[in-house]
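Structure record follows, encoded as C-alpha cells.
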Amino acid sequence: MNYAGQYFVRFCLAASILSISAGLYAAPVTSTRAASNVWYRYYNEKGVPTLSDQITEEHVRRGYEILDRNMQVTGRVAAFNNEIYLKEKARREAQMRQKMDDERIMKLYSSSRDAESARNRLLDTLETSIGYNRIQLIRLKRLRSELVEQGAESERTGKSLTAKQKDLIVQYDSQIKDLMQLMSSQEDEKNKVSNDFAPIINRLIAIEKSRKDGTYDTDTGGHPN
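Here the sequence shown stands for residues -26 to -1, 1 to 199, numbered as in mature numbering (1 follows the signal peptide of the UniProt record, and there is no 0).
And the structure:
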C-alpha cells in the first residue's frame, strides 16, 4: 500500500472515531440505517459538492465535511497534504534511527568518559606501534647509509660493491618503503579512530545533559515533541 493509501485508511478510522465521539449514533440501529446517519461531503474544483456515506480517496485528497442525518456539519477534515505527510514520516524515521543508534552506543559505552577511555586506549596502542616502527625506520636508514658509504669508499679504491651488498641495499630499500607505508596507514587509522569516536562521544554527552535536564525522550531518542 502506498503512502496515500495508508493515509486514507487512517482518515477512515479517524472519521469513524470522530463520528462516534460526537454522539451521532444516539440509539442502536441496523447497519443499513447507520450508514445514512453520517455523511461525508467534499467539493470538486468547480465547487460542486459530492455527498457520500463512505470516505473515498477523493474525499481524502480534497478534504471533506462530516454531516449528521439532518445535514448539519459536525466536523471538517483537511485535505491530505503529501508533502507534509512525507516530512512527518521522515522526521519519525529519523527519530527511530536516532533511538536505535542511542541504544547501540549505550550498550557499548556506559558514559562519554567510558567512550573517551576506549578511544584513548586505541590511540595509545597505535602511537606505541608507530613509535616502535619509527625506531626501526631510523635503524634501517642508518644501515643502508653505512652500506652506501662502504660502497663509495670501495669505488675510491677501484673496487665495486659486491652482489651481496647490492642485494642488502635493495632489501633495505624495500623494508624502508614497507615500514613507511605501514606508519602512514597507522597515522590514517589514528585519524579514523578519532573521527569515529567524535560523534559517539558528542552524542553521549548530549544524552547525559538531556537526562540531567529531564528532557531526554526514551521513546524517540531525543527531546520530547
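All C-beta atoms in this analysis are idealised placements derived from N, C-alpha and C, irrespective of residue type, glycine included.
These numbers come from a predicted model, not from an experiment.
Buried or exposed, going by whether 16 or more other CB atoms sit within 10 Å of the CB of residue i?
i: L114; result: buried
i: E39; result: buried
i: I(-7); result: No answer about I(-7) holds up, because its pLDDT of 39 lies below 50 and its placement is not dependable.
i: V144; result: exposed
With hydrogens ignored, establish whether the beta-carbon of residue i is closer than 8 Å to any heavy atom of the ligand COA.
i: A180; result: Looking at this structure, you won't find the ligand COA or any other ligand, since it has none at all.
What first and last residue would you give for the alpha helix (DSSP H) that runs through residue i?
i: R15; result: Not the alpha helix (DSSP H): R15 falls in the beta strand (DSSP E), residues W13 to Y17.
i: residue 200; result: The shown model of the chain, from -26 to 199, leaves out residue 200, and the question about it has no answer.
DSSP state of residue i, grouped into three classes?
i: I40; result: strand
i: S134; result: coil
i: T102; result: helix
i: S85; result: coil
i: D191; result: strand
i: N55; result: coil
i: K20; result: coil
i: I174; result: helix
i: I179; result: helix
i: R78; result: helix
Can you tell me where the beta strand (DSSP E) holding residue i begins and where it ends?
i: T24; result: P23 to S26
Would you grab the beta carbon distance between residue i and residue j for me? Rounded to a whole angstrom, and I think it's under 8 Å.
i: R118; j: I150; result: 7 Å
Is residue i close to chain D, meaning its C-beta is less than 9 Å from at least one C-beta of that chain?
i: T99; result: The structure shown contains no chain D, having only a single protein chain.
Three or more C-beta pairs below 8 Å linking the region 111 to 129 and the region 93 to 102: no
Segment contact, 8 Å Cβ cut-off, at least three pairs: the region 140 to 156 with the region 33 to 48: no
Touch test, the region 159 to 170 against the region 69 to 89, Cβ-Cβ under 8 Å, three pairs minimum: no
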